[in-house]
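Colleague:
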Amino acid sequence: MLILCAFVAVSYMFLLTTPAAVVQRYTMAWALVCISAGHLYRLLTDYGGYHMDFTTPLMILVQRVTLVGFAVHDGMARKSSELNDDQKTQKLSQVPSVLEYFSYCTNFLTILAGPCATMHQHLCFMEGTNFSAHGKKHLHEPSSLLPVSTKLLQSLASLAVYCWLAVSFPNERALEQHHSLL
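What the sequence shown shows, in my numbering, is residues 418 to 599, in sequence order.
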């Protein structure tokens with residue numbers, strides 16, 4: 418885990434210290450060097466083996482780090498007329514804070530398998546504006562009352578069936594003589 422945190426920290430240092438015109442190149446080069454070194458390490462130490470070590474989440478982090486590098490480049494170094502619609506939506510007009518960047522990169526929900534969301538999507542999720550079409554905060558968030566009630570009723574019905582079957586078929590019946598002949 419320390420390797421992953423160091424990878425993210427160095428990537429963030431590139432975002433802070435590198436000019437926006439070339440930040441995507443440096444973050445991409447750093448990410449490719451790290452993932453290549455990780456895979457070479459695995460090749461030398463456990464050739465052909467299948468173990469989940471630091472290289473699995475590192476592959477997801479490579480995607481995230483490069484996405485942020487390109488989003489910062491699009492938002493700070495390129496004119497809006499040069500961007501397509503997706504780039505206009507995903508661009509970052511400033512470097513995210515340390516907390517935002519680390520929370521995006523080490524999001525526990527998607528660190529092992531993805532999906533790889535963009536920094537813009539993550540910020541909208543953190544601000545609560547991800548439910549709206551135009552980035553405006555909803556006055557009413559979606560209610561979880563119906564799905565929770567449905568699951569509660571299903572679990573209560575399952576409990577009732579289990580209790581009925583437990584009374585009808587006690588465990589002692591499995592020890593009877595005619596069951597042991599099977």
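In this text, a Cβ means the ideal position worked out from N, Cα and C, and glycines have one as well.
In whole angstroms, what is the alpha-carbon distance linking G466 and N524?
Modeller: 27 Å
Colleague: With respect to the alpha helix (DSSP H) encompassing C580, which residues constitute its N-terminal and C-terminal limits?
Modeller: 562-585
Colleague: Whole angstroms is fine: what's the gap from K505's alpha carbon to V485's?
Modeller: 14 Å
Colleague: CA-CA distance, S514 and M493?
Modeller: 15 Å
Colleague: Please name the residue, chosen from M418, M469, M445, that lies closest to A530 on a Cα-to-Cα basis.
Modeller: M469
Colleague: Assuming the contact rule is C-beta atoms closer than 8 Å, L478 and C522 should be a hit. Round their C-beta distance to whole Å, please.
Modeller: 6 Å
Colleague: In the segment 484-556, which residue ranges form an unbroken alpha helix (DSSP H) of at least 4 residues, counting only runs that do not cross its ends?
Modeller: With a minimum length of 4 residues, the continuous alpha helix (DSSP H) runs that stay inside the segment 484-556 are 502-507, 515-522, 536-544.
Colleague: To the nearest angstrom, how far is it from the Cα of S510 to the Cα of L432?
Modeller: 12 Å
Colleague: Is V479 helix, strand or coil when you go by DSSP?
Modeller: helix
Colleague: Return the first residue and the last residue of the alpha helix (DSSP H) that Y443 is part of.
Modeller: For Y443, the enclosing alpha helix (DSSP H) covers residues 440-462.
Colleague: Counting along the chain, where does the alpha helix (DSSP H) carrying L592 start and finish?
Modeller: Element bounds for L592: n/a, residue is neither H nor E.
Colleague: Run through DSSP, which three-state label would F471 get?
Modeller: Three-state DSSP puts F471 in coil, outside helix and strand.
Colleague: Mind checking which residues open and close the alpha helix (DSSP H) that includes M430?
Modeller: 419-434
Colleague: On a CA-only basis, which of L475, Q507, P587, P532 is nearest V489? Give me that one, please.
Modeller: Q507
Colleague: With 16 as the cutoff for other CB atoms within 10 Å, does L582 come out buried or exposed?
Modeller: Within a 10 Å sphere around the beta-carbon of L582 sit fewer than 16 other beta-carbons, which makes this residue exposed.
Colleague: Nearest to S453 by CA position, among L500, T473, I528, is which residue?
Modeller: T473
Colleague: Using the rule of at least 16 other Cβ atoms within 10 Å of the residue's Cβ for burial, across every protein chain shown, is Q441 buried or exposed?
Modeller: buried
Colleague: Rounded to a whole number of angstroms, what is the C-alpha to C-alpha distance between L421 and T462?
Modeller: 19 Å
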